[in-house]
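Q: The sequence shown begins at 93 in this note's numbering and counts up one residue at a time.
Beta carbons are placed, not taken as given, at the ideal position from N, Cα and C, and that holds for glycine.
Handing you a structure now.
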Amino acid sequence: MRPPQLADVLRRQCDLFTRAQAREAGLTDAAIRWGLARHWHSVLPGVIHVVRVPLTREQRLIAGLLYAGPGAVVTGASAAAWYGLEHADQRGPIRLLVPRNRSSRDVRWASIRRTMVPYDVFESGRLALVGHDRAVVEAAREAPGRERAEAIVIEALQRRLVRLADLAAMNDRLASAGRARAERAIATAAEGVWSVPESGLFSLVERSARLPEMWCNPDLFSASDRRLLTPDGWFDDVGLAVMVHSRRWHDGARWVPTVERDGDLVAHGVRVLPLAPSSIRDDPARVLARVEQAYGAARRAGGRPDVRAQRWRAW
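See below:
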């Protein structure tokens, strides 16, 4: 049942309204109780849905904003997911910020935090959200682990939603809780890691006592200064390229040329080790052993291809 007095409110707010809005429209407390007893559903204290069906993702965010009150914005993983980041976890409570003169609280599936750091408000349809930089940084801070935090930052950079310098500046501005995790994720992306599988590979190599530093996505040039295919990983002392081939990260028409161009590196004397993303995820010990083996073989063989590598610089 949709009260005609609330038609405009319901249209703006996806069939949601507050008790205060109902009273302003002329509904009595008795009428509100009658509606709740028969047709409506209280989704958060003082926030009512006119039908008893599960809320959509957008409705959950709108309900949270209505409950949090004027000036509230969606933040963290909730905002990052709305901006399209697949690695932002939507399973937990929705995250909201309120101005410093309000109180923090957790109610049902809404987590509301006051902040001392001012925020810009971005309108997206019916929603008010923090900007991309803050959404990504807070999503990385609250991520359940290092790999998820890195995945969020890398995906945001790949989608051109943010810049590294802006993420670093935002991370420095916010309170200290979770800062180290986001800082680590930003640093990993700054090394040139540009996909989740590459992040996993980078972490594996870092833990090895048998491998030197691996450069991520360096520019390669032939002796005649022709640009060559950019490897995902590169061991400069022996000229070993590591290629992570994934249809997800090299989609459509880019897939076949990307794989076939490995031969371009081989033609210039570069040793190429191909890896599958699924192996990095499912059998990391075996992958690390393969990389160590390939590096050891390259060192024993001696020599280095006549190519020039230039490290990727983010800043």
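Between which two residues does the alpha helix (DSSP H) containing G168 stretch?
A: Segment G168 to W174, the alpha helix (DSSP H) holding G168.
Q: In whole angstroms, what separates the C-alpha of W307 from that of G388?
A: If you take the alpha carbons of W307 and G388, they lie about 17 Å apart.
Q: For A173, is the classification buried or exposed, using 16 other Cβ atoms within 10 angstroms of its Cβ as the cut-off for buried?
A: So A173 ends up on the buried side.
Q: In chain order, what residues of the same chain lie with their CB nearer than 6 Å to the CB of G138, ignoring the 5 residues before and after it?
A: Taken in chain order, the residues that qualify are T110 and R111.
Q: Is there contact between the region 244–255 and the region 203–220, where contact requires at least three CB pairs shorter than 8 Å?
A: Output reads no: the region 203–220 does not touch the region 244–255.
Q: Considering Cα atoms alone, identify which of T167, L320 and R302 is closest to H360.
A: That would be L320, whose Cα lies nearest to the Cα of H360.
Q: Of all the options T120, D329 and A232, which has the alpha carbon lying nearest to the alpha carbon of E392?
A: For the record, residue 392 in the displayed sequence is Arg; it is not Glu. Of the candidates T120, D329 and A232, the one whose C-alpha sits nearest the C-alpha of R392 is D329.
Q: Mind checking whether Y211 and L189 have CB atoms under 8 Å apart?
A: Cβ atoms of Y211 and L189: closer than 8 Å.
Q: For D343, count the other beta carbons within 10 Å of its own beta carbon; 16 or more makes it buried, fewer makes it exposed. Which is it?
A: Here D343 scores only 43 on pLDDT, less than 50, and its place in the model is too uncertain to base an answer on.
Q: Less than 7 Å between the CB of E247 and some heavy atom of the ligand PLP, yes or no?
A: Ligands are entirely absent from the displayed structure, and the ligand PLP is therefore not among its contents.
Q: Does the separation of the CB atoms of L136 and V209 fall below 8 Å?
A: For L136 and V209, no; Cβs fall outside 8 Å.
Q: Note down the Cα distance separating V166 from P236, rounded to an integer number of angstroms.
A: So the alpha carbons of these two residues sit roughly 19 Å apart.
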